[in-house]
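Notes follow the structure.
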Amino acid sequence: MLGKELVSTPTRQIRWRDRLRFFLGWALGAIVLLSCTKGIWWIGIGIASLGLAIRIWAASHIQKNVTLCTSGPYRYTRNPLYLGSLIMAIGFCLAVQRPILLVCTLIFFLLVYYPVIFREEKNLKDKFPEAWARYYQRVPRLIPNPFSYRAALREDEKETGATFWTRGIRKEKQCILGFVGAILAIMLLGQVVYPRILPHLHLPPLIVR
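Sequential numbering from 1277 applies to the sequence shown in the numbering used here.
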């Protein structure tokens, strides 16, 4: 019994963190979307779309538990998937024009995502010790190296065609559906729900009003 507890405790902690990350992420996203104003909406959507594109690009390269990925965006950041998620969140926060939400997003990322990043990097180090040592020395954890983007793009030129990008889109289909669904949801709220049910709350105007 003690052995089972020792084995299952880390698993329970991982599941708890994943659930917390999911619910807090959606809660923050709901606050952001309900606060968006028309003036800066498209700027925020553009930045968020960039984050989504980075995630798709990264997913097109990564092969989990097979090899240590060092191509594409992984040539200049070790965690492009998390970087893409952060850029998406920042994009939506900028649409709100409220610095407090941006601060909350950054704190949320540091408290919830950064421990996950450390845990995943430790697993990669244990699985690919020699390759990881070299990779760790030359590539930063999150903030990209601006001088290596050309090499990453040249690497992508070797893999062209629909198959390459379809792989990334297929892996990120949940993120894409969530992104599109969030936009459609806020349009529905602005056109139907908000004017008829919530006007007495005096919320900030929605983007479609």
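Glycine is no exception: its CB is placed at the ideal position from the N, C-alpha and C atoms.
- Start and end residues, alpha helix (DSSP H) containing L1501: Because the chain spans 1277 through 1485 in this model, residue 1501 falls outside it and cannot be assessed.
- Item | Selection from S1325, L1359, I1319 and Y1352 that minimises the alpha carbon distance to V1456 | S1325
- Task: Under 7 Å Cβ to Cβ from E1448, same chain only, skipping five residues before and after it: list those, please.
- Result: Taking C-beta separations shorter than 7 Å and ignoring five residues to either side along the sequence, the partners of E1448 in its chain run R1331, I1332 and A1335, following chain order.
- Item | Beta-carbon gap between N1355 and I1393 smaller than 8 Å | Cβ distance < 8 Å, so N1355 and I1393 count as in contact.
- Message: Using CA atoms only, rank isn't needed, just tell me which of R1374, Y1390, C1345 and R1417 is closest to G1320.
- Response: R1374
- For P1391, count neighbouring C-beta atoms within 10 Å of its own C-beta (all shown protein chains included) and say buried if the count is 16 or more, exposed if not. That one is exposed.
- Smallest Cα separation from A1329: which of G1360, A1365, Q1413 and R1410? G1360
- Message: Just to confirm the assignment, what range does the alpha helix (DSSP H) spanning L1377 have?
- Response: P1375 to F1384
- Message: Taking the straight line between their C-alpha atoms, what separation do you get for N1399 and H1337?
- Response: 19 Å
- With DSSP collapsed to three states, give me the class of C1451. For C1451, the three-state secondary structure derived from DSSP is helix.
- Task: For L1387, count neighbouring C-beta atoms within 10 Å of its own C-beta (all shown protein chains included) and say buried if the count is 16 or more, exposed if not.
- Result: exposed
- L1370 versus L1378 - alpha carbon distance: Distance between the alpha carbons of L1370 and L1378: 7 Å.
- Message: Less than 8 Å between the beta carbons of T1381 and I1366, yes or no?
- Response: yes
- Message: Our contact map puts Y1358 next to Y1389 with C-beta atoms below 8 Å; I'd like the distance itself, whole angstroms only.
- Response: 6 Å
- Query: Between I1445 and T1346, what straight-line distance do the alpha-carbon atoms span, to the nearest angstrom?
  - Reply: 19 Å
- Message: At the level of alpha carbons, what is the spacing between N1341 and R1414?
- Response: 21 Å
- Item | Secondary structure of Y1352, DSSP reduced to three states | coil
- Task: Say whether chain B places a C-beta atom closer than 8 Å to the C-beta of E1397.
- Result: Annotation note: the requested chain B is absent from the structure, which comprises a single protein chain.
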